[in-house]
Structure formats: structure tokens, C-alpha cells
Amino acid sequence: MQLATWNVNSLKVRLPQVLQWLESSQVDVLCLQETKLTDDKFPVAEIEAAGYQVAYTGQKTYNGVAILSKLPLADVVKNNPRFEDAQQRIISATIGGMRIVCAYIPNGQEVGSDKYQYKLRWLDALHDWLADEVKGYPNLALLGDYNIAPEDGDVYDPVEWQGMVLCSDAERAAFQRLCALPMKDAFRLFPQAEKLYSWWDYRQMNFRRNRGLRIDHILLTPPLAARCTACEIDKLPRKWEQPSDHTPVIATLSA
DNA sequence: ATGGCCTCGGTTCGAGGA
Numbered sequence: 084m085q086l087a088t089w090n091v092n093s094l095k096v097r098l099p100q101v102l103q104w105l106e107s108s109q110v111d112v113l114c115l116q117e118t119k120l121t122d123d124k125f126p127v128a129e130i131e132a133a134g135y136q137v138a139y140t141g142q143k144t145y146n147g148v149a150i151l152s153k154l155p156l157a158d159v160v161k162n163n164p165r166f167e168d169a170q171q172r173i174i175s176a177t178i179g180g181m182r183i184v185c186a187y188i189p190n191g192q193e194v195g196s197d198k199y200q201y202k203l204r205w206l207d208a209l210h211d212w213l214a215d216e217v218k219g220y221p222n223l224a225l226l227g228d229y230n231i232a233p234e235d236g237d238v239y240d241p242v243e244w245q246g247m248v249l250c251s252d253a254e255r256a257a258f259q260r261l262c263a264l265p266m267k268d269a270f271r272l273f274p275q276a277e278k279l280y281s282w283w284d285y286r287q288m289n290f291r292r293n294r295g296l297r298i299d300h301i302l303l304t305p306p307l308a309a310r311c312t313a314c315e316i317d318k319l320p321r322k323w324e325q326p327s328d329h330t331p332v333i334a335t336l337s338a
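In short: position in the first sequence from 1, add 83, done, that's our numbering.
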């Protein structure tokens, strides 16, 4: 069983890459962020033709999330029921005995800005909601674009990024509070090579220079972490024509 | 020193992303 997350930066533009990746990757569950599509424009037929059921919630221009699954999706919930939010950033479903939560955590733009305050409030509300969700769903996975690099080792140049948005103490503390629910960062369950990232700015040839950040994550509650046998970042789609600036992260779970 | 790319909406530029 493989679970994956991928910020596609417009599903309208990226649908061919998503379908190509699904053909080769064999993932069972794929969480997408930044679909940037209203629900009436969602490419349901193409995704079903690829062998996946899908749940989605979107809006015009910004945000938008979806869960693709080979197995049936049940009990779909859109957004955080405890946080009034016009922005479509969360969708959850039960799949094969697991509660899958797909999240597009706000970017925050700049430390101290209104968007940064919104990000911290949003993360607080996510934490408080999930604290109850994990009681009802011991097998819960939170996959998505967290817009947080948890540690300096997740940043190509920690000095340049020190205190900046995605790396600030308050954001990292929010990440640690999610880990204390408790949940485990699947990527850090295993020895990993250095300088592995999930996002690279389109500018400055940052991908070729591997100037990236690891901001896309899979957090697993202890029963799922115990079943996790691998967690990998697949850099290949970032090398394709017209790529997303993010690349998929995959966790493998034993039966 | 500055901005450097991509997407969208909707027009040829500004906002947002990270």
C-alpha cells in the first residue's frame, strides 16, 4: 500500500503529468494540492479512466485539494469543521481502514504579515481538530504541502532562510505540535541521504542547482508509522516538461 | 542592488506562490 502527496500547481496544466506518474508509480492513494479548479471543472472522467476514485473540493484560481484512491473513498469531509475558511485547503476520507487527511497549509507569504497570522491560526485550528480526529481514527495519515521546512537539514541554505517564512520558529513549533499528537514524519523514520527536497523555486535554475526545501510531508499516527517500510521523494516528475515546482512524496505501508 | 519563474484572470500587468 502506497500513499503519496503532490502539490501540482494547477491540475488543469498538470493533468498529463499526474496521469503519466500514476501509470508508472502504482500508488494506491494520491493527495493533490493547488488544483486551482472549481468543482465543475474537475477532470473526474480522466482520473476514473486511470483507475482511481476521487474526492475533491476547489475554488477559482487558488488552493483546491483532492484525494485519488484505487479503493473506495468513504465519509468524505471538506475543510476543518472547526475553522470557518472560504479557502479550500483540506479534504478527508476513509480508505481501507485509514483516515486520509489531505491538506494545503497556507504559505504565509512573509513573517509578520496578515497571511502569516492566518497561517498560524490555521495551523492551531488544524492541530485542535486533529487532536480529536486521532481519537476516533487511530490509523490517520496527514499528507500535504505543509509549507514548513521542519529542520535546518530540510533547507538548502539554512542561514539564508533563517527566520524566514517556511522556516520560522513559530511555524516549526506548529509542526512539532502536530508531531506530538503523536504523529511521525514518515520521511524521518528512515536513514535518508542529505539534501533531499520536495520543492524548488522555478527561478535561478534552482532545481538544477538543488536549491530546494522539504516542505511536503506525510505524518502518520503510531499504528501506521509501525507499518511504514519506506518514505521517498520522487524527483523524476520535476525533470519533466512543464513541471510543478513540487515533486511527489511517497510512503509505503505493509499490510 | 535588483530580480530572476509560473499560473491565473483577463488583457499585455498584477497578485500570489514559496
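Ideal Cβ positions, reconstructed from N, Cα and C, are used throughout, including at glycine. Every value quoted in this text rests on a predicted model; they were computed, and no experiment measured them.
Find out if the Cβ-Cβ distance for the pair L94, L151 is shorter than 8 Å.
no
In chain order, what residues of the same chain have a beta carbon less than 6 Å from the beta carbon of K198, not counting five sequence neighbours either side?
G191, Q192
Inter-residue Cα distance where the pair is E216 and Y139:
Going by the C-alpha atoms only, they are around 20 Å apart.
To the nearest angstrom, how far is the alpha carbon of R291 from that of A309?
In this model, R291 and A309 are separated by some 35 Å (Cα to Cα).
Three-state secondary structure (DSSP) at Y187?
strand
Since I178 and L226 should fall inside the 8 Å C-beta cutoff, what is the C-beta to C-beta distance between them, to a whole number of angstroms?
That belief does not hold up - the Cβ atoms of I178 and L226 are roughly 12 Å apart, past 8 Å.
For the ligand NAD, is there any heavy atom lying closer than 7 Å to the beta carbon of V217?
For the structure depicted, the ligand NAD is absent and the ligand set is empty, with no information on it obtainable.
DSSP puts G227 in a beta bridge; with which residues?
In DSSP, G227 forms a bridge with A186, H300.
Please tell me whether P305 and T88 are closer than 8 Å, where the distance is taken between their beta carbons.
At the C-beta level, P305 and T88 stay beyond 8 Å of one another.
Distance, L264 Cα to A419 Cα:
This structure does not reach residue 419, given that the chain is present from 84 up to 338, and the question cannot be answered.
Any contact between the stretch 193-212 and the stretch 101-117? By contact I mean 3 or more CB pairs, one from each, below 8 Å.
no
From L105, L272, N222, pick the residue whose C-alpha is nearest to that of A133; which is it?
L105
Flag this pair as touching only if the stretch 322-330 and the stretch 242-254 have three or more C-beta atom pairs under 8 Å; answer yes or no.
no
Which residues does DSSP list as the beta-bridge partners of L151?
L113, V137
Assuming V217 is part of the alpha helix (DSSP H), what are its boundary residues?
Counting along the chain, the alpha helix (DSSP H) containing V217 begins and ends at 197-219.
Option in T312, L206, V148 with minimal Cα separation from S175
V148
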